[in-house]
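In the numbering used here, the protein residues as written are 65 to 531.
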Amino acid sequence: MEATVSDERPSQEGPATFREVFAQREYRAVFTASALSWIGDFIAKAAVTVLVYRETQSVAYSAAAFAVSFLPWLIGGPLLATLAERYRYRSVMVACDLIRMALMVLVALPGNEPWLILCLLFATTLANPPSQAARSALMPLILTGDRLVVGLSLNSSTGQAAQVLGYLIGAALAAFDPTLALLVNAATFALSAALVRFGVQDRPPAMTSAHRSHLLRETGDGFRIVFGTPVLRAIALLVFSAMLFSIVPEGLAAAWAREGVDDGMDSGVAQAVIMAANPVGFILGGLLVSRAVAPARRLVLIRPLAVLAPLVLVPSLLDPPPLVVALLAGLCGFAVAGLLPVANGLFVRALPNGYRARAFGVMATGVQVIQGLAVLFTGLLAERFPIPVVVGGWSAAGVLLMLLTAAAWPTRTAIDAAVEAAGNAATPAPAGAGAGAGEPRPRPVAPGDGREGGAPGERGRASQAVS
């Protein structure tokens with residue numbers, strides 16, 4: 065898909081509309097397939113914990129069934145995501161959906177031992193990193209310019225809505241028959257595979273067999289391109305910093321609701337309100353900012369929104385009632401949703417085509433690990449200090465961190481240069497080729513210094529401008 069660098073600069077465009085985004089046939093297919101998969105996943109998460117608890121009467125087993133979905137990202141997310149670079153994106157997404165469909169049917173079979181259910185669930189989630197990486201790398205090939213940012217906002221908001229809807233449906237189905245919920249999840253994967261297979265163009269792999277080295281080196285190249293390129297590194301630090309505090313109210317909601325509930329609200333209702341507030345705020349922020357704010361203004365708002373996100377949680381120090389806690393969490397979600405799609409759009413446009421899936425693996429793994437560590441660490445602090453003090457103090461530290469991150473944010477000139485360098489990147493030399501057989505292996509360089517950005521061993525194709 066052809067696109068010039070000027071097409072990508074938000075200052076030269078008005079805001080894209082939802083109509084323009086959904087007018088793209090391929091995006092409609094990917095969007096619908098993703099929404100089905102997300103809803104099915106959360107239905108299964110709610111149902112499988114009930115199924116395992118019913119079989120074992122063990123809270124630990126039930127919790128393990130819920131937490132197993134995070135393991136692939138923690139133990140090998142970047143490595144698994146690298147696989148998506150080696151094969152056709154459409155084929156990777158379809159194969160992963162069909163594998164997950166078959167495994168979910170096996171989970172639903174009656175009489176499975178709890179340990180076997182956990183193993184099957186783990187095998188199912190191994191398909192998540194390559195599938196999500198392929199989808200992430202495909203997006204800028206489908207949507208260009210500001211349509212990409214709006215599309216990413218729609219995806220993020222839909223993912224949050226799918227979480228709420230999936231948990232509600234899953235809990236309802238699990239109360240009736242957990243097996244039915246698992247079969248519904250399998251059906252969503254089948255529909256997703258069909259939508260992608262017949263609705264998405266078949267593109268060649270970003271990395272051909274001639275350009276491969278070995279999986280570990282290719283995975284390492286993903287880390288080098290993300291953290292060795294100044295603009296990409298700045299975006300990664302911004303996203304990781306935002307994840308450090310935005311997840312905390314949701315992660316501590318159960319204990320917070322029981323400690324801080326007033327006489328007029330049940331603790332279960334208070335927990336639900338706090339947990340739902342951040343996703344609801346995220347949905348509203350993603351949709352409103354992407355549509356109501358001009359692209360150039362969104363770039364300007366990245367830094368103030370980054371500081372605002374933890375700042376709105378600092379009043380937690382005053383030990384407000386649950387409804388106020390939910391309002392603060394919702395405002396935090398709104399601010400994060402205002403900056404993340406813009407940052408993500410910049411990130412994919414500043415990446416050469418052959419690195420998108422690998423870079424996604426690095427970013428997604430970092431987000432998973434940071435969110436888990438943030439909840440774990442604040443939970444440990446809450447064992448010794450009141451939760452409002454922990455959340456408020458943690459968020460105050462987040463304000464300082466975001467001020468430092470905002471101060472290091474690259475200039476518009478540096479961002480434009482990084483996007484242009486990615487768009488002009490040359491075809492990679494075959495693996496093992498020396499200087500006489502192909503181009504020399506480049507290293508990541510600061511944008512704007514007169515050299516093309518890239519990472520060792522591979523650069524994107526000049527015929528596919530970053531979109």
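Backbone N, C-alpha and C fix where the C-beta goes; we use that ideal spot for every residue, glycine too.
Could you tell me the boundaries of the alpha helix (DSSP H) in which Asn-408 lies? Taking the first residue of the sequence shown as position 1, residue 408 is located at position 344. Start and end: 386-413.
Asp-266 burial status per 10 Å Cβ neighbour count (16 or more: buried): Within the sequence shown, numbered from 1, the residue matching residue 266 stands at position 202. By the 10 Å Cβ count, Asp-266 comes out exposed.
How big is the Cα-Cα spacing for Leu-135 and Phe-186? Position 71 of the sequence shown, counted from the first residue, corresponds to residue 135. Position 122 of the sequence shown, counted from the first residue, corresponds to residue 186. Separation of Leu-135 and Phe-186 (C-alpha to C-alpha, rounded to the nearest whole angstrom) is 8 Å.
Would you grab the beta carbon distance between Thr-283 and Thr-146 for me? Rounded to a whole angstrom, and I think it's under 8 Å. Looking up residue 283 in the sequence shown gives position 219. Looking up residue 146 in the sequence shown gives position 82. Thr-283 to Thr-146, Cβ: 5 Å. Contact.
Pick from Gln-227, Trp-137, Val-454, Lys-109: whose alpha carbon is nearest that of Ile-181? As a position in the sequence shown, residue 181 is number 117, starting the count at 1. For the residues Gln-227, Trp-137, Val-454, Lys-109, the minimum Cα distance to Ile-181 belongs to Lys-109.
Reference Leu-316; option with closest CA among Pro-386, Arg-199, Pro-474, Ala-245: The residue labelled residue 316 in the question sits at position 252 within the sequence shown. With distances taken between Cα atoms, Leu-316 lies closest to Pro-386.
Taking Ser-221 as part of the alpha helix (DSSP H), name the residues at either end of that continuous run. Sequence index remark: in the sequence shown, residue 221 carries index 157 (1-based). Looking at the DSSP string, the run of the alpha helix (DSSP H) that includes Ser-221 is 210-240.
Would you report the Cα separation of Leu-308 and Phe-86, rounded to the nearest angstrom? Along the sequence shown, one-based indexing puts residue 308 at 244. Along the sequence shown, one-based indexing puts residue 86 at 22. So the two alpha carbons sit approximately 33 Å from each other.
Please classify Leu-144 as buried or exposed, where buried requires at least 16 neighbouring CB atoms within 10 angstroms. Here the question's residue 144 lines up with position 80 in the sequence shown. In the assembly as shown, Leu-144 is a buried residue. Its beta-carbon has 16 or more other beta-carbons within 10 Å.
Mapping the DSSP letters down to three states, classify Ile-311 as helix, strand or coil. Taking the first residue of the sequence shown as 1, we reach residue 311 at position 247. Ile-311: coil per DSSP, three-state reduction.
Check for me: the alpha helix (DSSP H) holding Tyr-151 runs from which residue to which? Residue 151 sits at position 87 when you count from the first residue of the sequence shown. Looking at the DSSP string, Tyr-151 is not in any alpha helix (DSSP H), and its letter there is neither H nor E.
Residues in the same chain with beta-carbon distance under 7 Å from Ser-527, minus the five sequence neighbours each way, listed in chain order, please. Position 463 of the sequence shown, counting from 1, holds the residue named residue 527. Here the model assigns Ser-527 a pLDDT of 31, short of 50, so the residue's position is not dependable and the matter cannot be decided.
What span of residues does the alpha helix (DSSP H) with Asn-192 cover, start to end? The residue given as residue 192 occupies position 128 in the sequence shown. Taken as a continuous stretch (DSSP letters only), the alpha helix (DSSP H) holding Asn-192 covers 192-206.
Alpha carbon to alpha carbon, how far is Asp-161 from Ala-401? Give it in angstroms, no decimals. Walking along the sequence shown from the start, residue 401 turns up at place 337. Walking along the sequence shown from the start, residue 161 turns up at place 97. Roughly 28 Å separates the two Cα atoms.
Extent of the continuous alpha helix (DSSP H) to which Leu-440 belongs: For this step, residue 440 is matched to residue 376 along the sequence shown. For Leu-440, the enclosing alpha helix (DSSP H) starts and ends at 420-446.
Run through DSSP, which three-state label would Ala-80 get? Reading the sequence shown from its first residue, position 16 is the one you call residue 80. DSSP places Ala-80 in coil when its eight states are reduced to three.
With DSSP run on the structure shown, which of helix, strand or coil describes Trp-473? Indexing the sequence shown from 1 puts residue 473 at position 409. Correct three-state label for Trp-473: coil.
In whole angstroms, what separates the C-alpha of Ser-310 from that of Ile-103? In the sequence shown, residue 310 corresponds to position 246, counting from 1. In the sequence shown, residue 103 corresponds to position 39, counting from 1. Spanning the two alpha carbons is a distance of roughly 22 Å.
Should Glu-149 go down as buried or exposed, given a rule of 16 or more other Cβ atoms within 10 Å for buried? For the purposes of this step, residue 149 is taken as the residue at position 85 of the sequence shown. Classification for Glu-149: buried.
Please report the distance separating the alpha-carbon of Gly-349 from that of Leu-247. By 1-based counting over the sequence shown, the position of residue 349 is 285. By 1-based counting over the sequence shown, the position of residue 247 is 183. Using only the alpha carbons, I get a separation of about 33 Å.
Assuming Phe-424 contacts Ala-197 under a Cβ cut-off of 8 Å, what Cβ separation, rounded to an integer in Å, is found between them? Against the sequence shown, residue 424 aligns to sequence position 360. Against the sequence shown, residue 197 aligns to sequence position 133. Yes, they are in contact, since the Cβ atoms of Phe-424 and Ala-197 sit about 5 Å apart, within 8 Å.
In the structure shown, what three-state DSSP assignment does Asn-176 receive? For the purposes of this step, residue 176 is taken as residue 112 along the sequence shown, with counting starting at 1. Of the three classes helix, strand and coil, the one that applies to Asn-176 here is coil, per DSSP.
Using the beta-carbon count (16 or more within 10 Å), is Arg-83 buried or exposed? Residue numbering aside, residue 83 sits at position 19 when the sequence shown is read from its first letter. Its Cβ having fewer than 16 others within 10 Å, Arg-83 is exposed.
Local conformation of Pro-294 per DSSP, three classes: On the sequence shown, residue 294 is found 230 positions in, with the first residue counted as 1. Three-state DSSP puts Pro-294 in a helix.
For Leu-437, which residues in the same chain have their Cβ closer than 8 Å to its Cβ, ignoring the five residues on either side in sequence? Stepping through the sequence shown from its first residue, residue 437 is reached at position 373. Correct list: empty, nothing qualifies.
Alpha carbon to alpha carbon, how far is Thr-96 from Ser-220? Give it in angstroms, no decimals. Walking along the sequence shown from the start, residue 220 turns up at place 156. Walking along the sequence shown from the start, residue 96 turns up at place 32. Rounded to the nearest angstrom, the gap between the Cα atoms of Ser-220 and Thr-96 is 13 Å.
Less than 8 Å between C-beta atoms, sequence neighbours within five positions excluded: which residues of the same chain meet that for Ser-305? Taking the sequence shown and counting its residues from 1, one reaches residue 305 at position 241. Answer for Ser-305: Ala-370, Gly-462, Leu-465, Met-466, Thr-469, listed in chain order.
Which same chain residues, not among the five before or five after Leu-351, have their C-beta less than 6 Å away from its C-beta? On the sequence shown, position 287 is the one that residue 351 refers to. Hits under 6 Å: Ser-221.
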